[in-house]
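S.K.: Below you will find the structure I want to go over with you.
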Amino acid sequence: MKAIAMNEPGGPEVLARAELEDLRIESPHAVLVRVQAAGVNPVDTKIRSRGPMRATTGLTVLGCDGAGVVEAQGSEVTRVRPGDSVWYCSGGLGGVRGNYAEFNLVDERLIQPLPAGLDIDQAGAAPLVLITAWESLHDRAGIRPGQQVLIHGGAGGVGHVAIQLAVAAGARVATTVSSAEKADFVHRLGAECAINYREESLVEAISDWTQGRGVDIALDTVGPDVFRQTIPAMALYGDLVTILDPGSDLDSKLDLGEARLRNLRMSLELMLTPQLRDIGDAQAHQSWILSQCAELMARGQLDIHVSESLPLDRAAEAHRRLEAGGMSGKLVLRIDA
Numbered sequence: 020m021k022a023i024a025m026n027e028p029g030g031p032e033v034l035a036r037a038e039l040e041d042l043r044i045e046s047p048h049a050v051l052v053r054v055q056a057a058g059v060n061p062v063d064t065k066i067r068s069r070g071p072m073r074a075t076t077g078l079t080v081l082g083c084d085g086a087g088v089v090e091a092q093g094s095e096v097t098r099v100r101p102g103d104s105v106w107y108c109s110g111g112l113g114g115v116r117g118n119y120a121e122f123n124l125v126d127e128r129l130i131q132p133l134p135a136g137l138d139i140d141q142a143g144a145a146p147l148v149l150i151t152a153w154e155s156l157h158d159r160a161g162i163r164p165g166q167q168v169l170i171h172g173g174a175g176g177v178g179h180v181a182i183q184l185a186v187a188a189g190a191r192v193a194t195t196v197s198s199a200e201k202a203d204f205v206h207r208l209g210a211e212c213a214i215n216y217r218e219e220s221l222v223e224a225i226s227d228w229t230q231g232r233g234v235d236i237a238l239d240t241v242g243p244d245v246f247r248q249t250i251p252a253m254a255l256y257g258d259l260v261t262i263l264d265p266g267s268d269l270d271s272k273l274d275l276g277e278a279r280l281r282n283l284r285m286s287l288e289l290m291l292t293p294q295l296r297d298i299g300d301a302q303a304h305q306s307w308i309l310s311q312c313a314e315l316m317a318r319g320q321l322d323i324h325v326s327e328s329l330p331l332d333r334a335a336e337a338h339r340r341l342e343a344g345g346m347s348g349k350l351v352l353r354i355d356a
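Going by the working numbering, the letters in the sequence shown line up with residues 20 to 356, in that order.
Shown next as structure tokens:
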């Protein structure tokens, strides 16, 4: 079985072609998927450079996101059958094989049927960012109609779906971008206000947009400095959610005095926790999130932007592009290309 794997941490060059033993179904709830597309996410580049997040032996196959066709199934699987097209988020953190490979074994609970109208590249690109954005806005911040929401990095992987999920929830959206082209892109997604962080003051722009009140919800997809800069742009009793460690990479201690004065509720979002801690119910909830997103897609309220699809053998190039930054949407590896 063809795969792209690594046997030690390092730069993109450690990703190399490997021939692995064929997978065998040993659990009655396992589904063997012929993988057609695998999303490339920042966590993939971090694991590649730092090492697996879970204990593992031998080669590590990256890739949390997958989409493909059911090849075979365990004796107790009832939700899918051979020939069905599916998408899911499973594996790729070490210990459990990821999706940079021709085949993968996935627990039935984590799989959803491929939404009608969603092509295989979009399906392979979508699960991790959709789950991250949904958990941030719905599960952490409790988004409600009429709220004003700030999404940082609106043209990026998580950002561009977070904008659409917020709009679908009835919220008004502002977002940060780095160029006029990206501003046009996020406006098409439904953002009312696009703030070029290279040219504008975030706090002043948000004050103008909210008439001095501040945003009810902010989602930080960028890092500690942005998290800190967002605090004075928040409304009293607002929700500030970050998908990164807000205390890392700061030259000085994170001062939360202003956040306390505003009575902010601050939440951390790591959609990988259910996999890392083997929390079955939480993994099933994430699969349910994909089913909810599929309904939004069917209604034309959610779209996945794939910036480029590359053959699996060009995985190292995909990592270099992602680490270079500035990308809109998602990169995908096509396994069958």
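By construction, the Cβ of each residue, glycine as well, lies at the ideal position given by its N, Cα and C atoms.
(1) So the candidates are A334, V325, D355, L329; which of them puts its Cα closest to the Cα of M346?
(2) Which stretch, first to last residue, makes up the alpha helix (DSSP H) that contains I225?
(3) Measure the CB-CB distance between I162 and A185 and report whether it falls below 8 Å.
(4) Determine the closest residue to Q230 out of R318, A254, E95, with distance taken between C-alpha atoms.
(5) Let me check understanding here. Comparing Cα to Cα, which of S226, Q131, D138 lies closest to W307?
(6) Should L350 and R340 be called a contact, given that it needs their Cβ atoms to be closer than 8 Å?
(7) Go to I162, then tell me how far its alpha helix (DSSP H) extends in each direction, as first and last residue.
(8) For E127, does the three-state DSSP call read helix, strand or coil?
(9) Report back the beta-carbon spacing between G360 and G82 to the nearest angstrom; my notes put them in contact at under 8 Å.
(10) Could one say the Cβ of A174 lies closer than 8 Å to chain B's Cβ atoms, at least one of them?
(11) Measure the C-alpha to C-alpha separation of G175 and T240 and round it to an integer number of angstroms.
(12) Can the beta-carbon of A278 be found less than 8 Å from the beta-carbon of L169?
(13) What's the C-alpha gap between L291 and G58?
(14) Among the residues of its own chain, which have a CB less than 6 Å from the CB of A160, if the five just before and after it don't count?
(15) Closest to R36 by CA distance: which of P251, D140, K21, A91 is it?
(16) Would you call the stretch 45-65 in contact with the stretch 127-141, where contact means no fewer than 3 C-beta pairs closer than 8 Å?
(17) Is it the case that the stretch 206-213 contacts the stretch 136-150, given that we only count it when at least three CB pairs across the two stretches are under 8 Å?
(18) State the start and end residues of the unbroken beta strand (DSSP E) segment that holds C212.
(19) Looking only at its chain, what residues have a beta carbon closer than 7 Å to the beta carbon of V54, apart from the 5 residues adjacent to it on each side?
(20) Given this structure, state the Cα-to-Cα distance separating L287 from D274, to the nearest angstrom.
(21) State the start and end residues of the unbroken alpha helix (DSSP H) segment that holds D239.
(22) What does the alpha-carbon distance come out to for the pair G70 and E27?
M.R.: The short version:
(1) Within the sequence shown, the letter at position 327 stands for residue 346. Ranking A334, V325, D355, L329 by Cα distance to M346 puts V325 first.
(2) Taking the first residue of the sequence shown as position 1, residue 225 is located at position 206. That run of the alpha helix (DSSP H) goes 221-228.
(3) Locating residue 162 in the sequence shown gives position 143, counting from the first residue. Locating residue 185 in the sequence shown gives position 166, counting from the first residue. Yes. Within cutoff.
(4) Looking up residue 230 in the sequence shown gives position 211. Here the closest residue by C-alpha is A254.
(5) The residue given as residue 307 occupies position 288 in the sequence shown. W307 has its Cα closest to that of Q131, out of S226, Q131, D138.
(6) As a working mapping, residue 350 is identified with position 331 in the sequence shown. As a working mapping, residue 340 is identified with position 321 in the sequence shown. Cβ atoms of L350 and R340: closer than 8 Å.
(7) For this step, residue 162 is matched to residue 143 along the sequence shown. From DSSP, I162 is part of no alpha helix (DSSP H); its letter is neither H nor E.
(8) Position 108 of the sequence shown, counted from the start, is the residue given in the question as residue 127. Correct three-state label for E127: helix.
(9) The structure shown does not extend to residue 360, since the chain spans only 20 to 356, so no value can be given for it.
(10) Structure shown: chain B not included; a single protein chain is present.
(11) By 1-based counting over the sequence shown, the position of residue 175 is 156. By 1-based counting over the sequence shown, the position of residue 240 is 221. Cα-Cα distance, rounded: 9 Å.
(12) For the purposes of this step, residue 278 is identified with residue 259 of the sequence shown, where counting begins at 1. For the purposes of this step, residue 169 is identified with residue 150 of the sequence shown, where counting begins at 1. No; because the gap between Cβ atoms is not below 8 Å, this pair is not in contact.
(13) Along the sequence shown, one-based indexing puts residue 291 at 272. Along the sequence shown, one-based indexing puts residue 58 at 39. Cα-Cα distance, rounded: 15 Å.
(14) Stepping through the sequence shown from its first residue, residue 160 is reached at position 141. Correct list, in chain order: I236, D258, V260.
(15) Counted from its first residue, the sequence shown places residue 36 at position 17. Out of P251, D140, K21, A91, K21 has the C-alpha closest to the C-alpha of R36.
(16) yes
(17) no
(18) Reading the sequence shown from its first residue, position 193 is the one you call residue 212. Element bounds for C212: 212-215.
(19) As a first step, residue 54 is located in the sequence shown; it is residue number 35 there, counting from the start. If we look at V54 and ignore the five residues flanking it on each side, its Cβ neighbours are G85, G87, N118, A120, E121, F122, N123, I354.
(20) On the sequence shown, residue 287 is found 268 positions in, with the first residue counted as 1. On the sequence shown, residue 274 is found 255 positions in, with the first residue counted as 1. Each residue's Cα considered, the two are about 17 Å apart.
(21) Taking the sequence shown and counting its residues from 1, the one referred to as residue 239 is at position 220. Here D239 belongs to no alpha helix (DSSP H); instead the beta strand (DSSP E) covers 234-239.
(22) In the sequence shown, residue 70 corresponds to position 51, counting from 1. In the sequence shown, residue 27 corresponds to position 8, counting from 1. C-alpha separation (whole angstroms): 7 Å.
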